[in-house]
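In our numbering, the protein residues as written are 1175 to 1734. Everything below concerns the one structure shown next.
What follows is the structure, encoded as structure tokens:
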């Protein structure tokens, strides 16, 4: 052989050992709405069945290879800051990969930012919640600017005299990324900068100064913002200090004469997740802005008119990441074998997948119930009181649980899950953000404390909602009685125990929803594990029968 190894005819030498087998294939196109029985039934049950066709169209896009590829590109080719042009002029521009703009165009065309405010049918918040749930399964970065455009509408409407300048353009479904004055655009997007270095979540510590020009509501802003989300937005919503206190302002990025406003983008944040979307530090160096609402009441106006909706959406977004993590784990384990069997058929994996499916369904049902309460809060005292306490609870709990779900789903992939080219790696990095954005867990605990302290009506509304499933399960009833006793003791000593109480409320709400609207298998497994004494504190420790586990997995499987 003259020292050379034998080479079979037709087999290139470098690839003789490279035979790919027992590997999952690219996920086929699917419909993330029509193939998801839990979501499609929730949309009907919560009163927004009229949006089924719209949701089905978006579901087909979300489940397509095309959108997965756009999401991959948008997160691989990151935004780049250009502070100056080649002639030395200050331009403060962020360049995005074309995939980002394609995703933004698709998102705005789907009405995920506008439908809640433009639909003439009832339960438009529910319909919009379903669209957000779908988009957060597709690509999370673009959901930051879309939710800000969604949530700013009540604020604009609270000050109709000023808000009318921008409302129709914010509600436009035509994404327009040209660098021109907002009045010349087909549609505009929103940036938001509240956080400053010294204050963090405590907006009362903000130092940015607002100096009146003498014209009606017109000010010059000087200061900094340590986090500004989506800095290429056409409108910046920011806080600044007037003589009366912290006030809210809207600053256009491009002035009516075509000049750039004095908003300097100092640097982009190198973030753990949400990498397709730019976040930045900015300097307001004499920026022109308009005060919205009353002077000195900016924090109150922001919480009343925007925070409510953003936090609700973050609970839905976290449920969506859980759903997509589960979808990826089920696809991988169903198309890879070990120890002579498909991984998904192994007893331990069956238990784990069923457990993840239960968590995912419980999170979705809680988020969609909040959306219905948002629709009905102006019609029903029960929903008005319920949403006041349920929003911080759902925001806390769903945003906490998503981290555990994403991690477990990553582990279902084995070593492949720890590689960035797998979609689950991106979801794992995305998962923690929603728990931080718009109020951390500690902030949610304080919000719950304020909602419950000295307000029996709110506590009664919460318990009335939970008790709609009273009598359906012995362990559920015992858990609810324990929760009721805990809520009776909302005292000055409540704060150190706020997270424990929030977790109890969240699981009681989820248990009630599952007992009323899910299958006996799902509800029984949830109550026995989360509300009973059968849970091993980790996924994959259910005590349900093998047949029940199979039925739970089948319910959660994407069909068609």
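Here a beta-carbon is modelled for each residue, glycine too, at the ideal position from N, C-alpha and C. Remember, predicted model here, so these are calculated numbers, not experimental data.
Extent of the continuous alpha helix (DSSP H) to which residue i belongs
| i | result |
| --- | --- |
| residue 1650 | 1648-1661 |
| residue 1326 | 1317-1332 |
| residue 1609 | 1607-1610 |
| residue 1691 | 1672-1691 |
| residue 1236 | 1226-1236 |
| residue 1344 | 1341-1345 |
| residue 1576 | 1555-1586 |
| residue 1709 | Residue 1709 -> no alpha helix (DSSP H), and no H or E assigned at all. |
| residue 1597 | 1597-1604 |
| residue 1275 | 1272-1283 |
| residue 1616 | 1615-1626 |
| residue 1241 | 1239-1250 |
| residue 1590 | First-last for residue 1590: undefined, no H or E at that position. |
| residue 1721 | 1720-1730 |
| residue 1700 | 1694-1700 |
| residue 1543 | 1521-1550 |
| residue 1300 | 1298-1312 |
| residue 1212 | 1211-1219 |
| residue 1704 | Note, residue 1704: premise wrong, no alpha helix (DSSP H); not H, not E. |
Neighbour flag for residue i against chain D, beta carbons, 8 Å
| i | result |
| --- | --- |
| residue 1521 | No chain D is part of this structure, which consists of one protein chain only. |
Beta-carbon contacts of residue i that lie in its chain and below 6 Å, excluding the five residues immediately before and after
| i | result |
| --- | --- |
| residue 1654 | 1640 and 1682 |
| residue 1446 | 1603 |
| residue 1729 | none |
| residue 1254 | 1269 |
| residue 1541 | 1489, 1490 and 1493 |
| residue 1238 | 1203 |
| residue 1299 | 1290, 1545, 1548 and 1549 |
| residue 1695 | 1722, 1725 and 1726 |
| residue 1617 | 1375 |
Extent of the continuous beta strand (DSSP E) to which residue i belongs
| i | result |
| --- | --- |
| residue 1471 | Unbroken run through residue 1471: none, as it is neither H nor E. |
| residue 1264 | 1264-1269 |
| residue 1366 | 1364-1369 |
| residue 1421 | 1419-1426 |
| residue 1385 | 1383-1386 |
| residue 1255 | 1254-1258 |
Residues near residue i in its chain [Cβ-Cβ closer than 8 Å; skip 5 each side]
| i | result |
| --- | --- |
| residue 1512 | 1520 |
| residue 1379 | 1370, 1372 and 1373 |
| residue 1192 | none |
| residue 1719 | none |
Same chain, Cβ closer than 7 Å to residue i, neighbours up to 5 away in sequence not counted
| i | result |
| --- | --- |
| residue 1252 | 1449 |
| residue 1565 | 1482, 1485, 1486 and 1544 |
| residue 1561 | 1544, 1547, 1548 and 1551 |
Assigned exposure category for residue i - 16 Cβ within 10 Å defines buried
| i | result |
| --- | --- |
| residue 1320 | buried |
| residue 1557 | buried |
| residue 1292 | exposed |
| residue 1413 | buried |
| residue 1737 | Look at the range of the chain in this structure, 1175 to 1734, and you will see that residue 1737 is not part of it. |
| residue 1398 | buried |
| residue 1233 | buried |
| residue 1316 | buried |
| residue 1245 | buried |
| residue 1210 | buried |
| residue 1705 | buried |
| residue 1533 | buried |
| residue 1199 | exposed |
| residue 1322 | buried |
| residue 1667 | exposed |
| residue 1530 | buried |
| residue 1499 | buried |
| residue 1354 | exposed |
Cross-strand partners of residue i (DSSP beta bridge)
| i | result |
| --- | --- |
| residue 1398 | 1457 |
| residue 1393 | 1386 and 1463 |
| residue 1748 | In this structure the chain extends from 1175 to 1734, so residue 1748 is not present and cannot be described. |
| residue 1403 | 1366 and 1453 |
| residue 1511 | 1516 |
| residue 1412 | 1367 and 1423 |
| residue 1439 | 1456 |
Heavy atom of the ligand GTP within 7 Å of residue i beta-carbon
| i | result |
| --- | --- |
| residue 1449 | Ligands in the displayed structure: none, and consequently the ligand GTP is not present. |
Contact between the region 1581-1596 and the region 1655-1669 (3+ Cβ pairs under 8 Å)
No contact exists between the region 1581-1596 and the region 1655-1669.
Touching or not, the region 1326-1344 and the region 1478-1494, by the rule of three or more beta carbon pairs under 8 Å?
Output reads yes: the region 1478-1494 touches the region 1326-1344.
Quick check: the region 1344-1358 against the region 1274-1291, are at least 3 beta-carbon pairs closer than 8 Å?
yes
Segment contact flag, the region 1525-1537 with the region 1713-1727, C-beta cutoff 8 Å, min 3 pairs
With the cut-off at 8 Å, the region 1525-1537 and the region 1713-1727 touch.
I want to know whether the region 1416-1431 touches the region 1293-1312 - three or more CB-CB distances under 8 Å.
no
Using 8 Å as the Cβ pair cut-off and three pairs as the minimum, do the region 1234-1248 and the region 1212-1222 touch?
A contact is defined here as three or more CB-CB pairs under 8 Å, and the region 1234-1248 fails this definition with respect to the region 1212-1222.
Can we say the region 1619-1637 touches the region 1589-1600, given the rule of at least three CB pairs closer than 8 Å?
At 8 Å Cβ cutoff, the stretches do not touch.
Looking at C-beta atoms only, is the number of pairs between the region 1386-1400 and the region 1463-1478 that lie closer than 8 Å three or more?
yes
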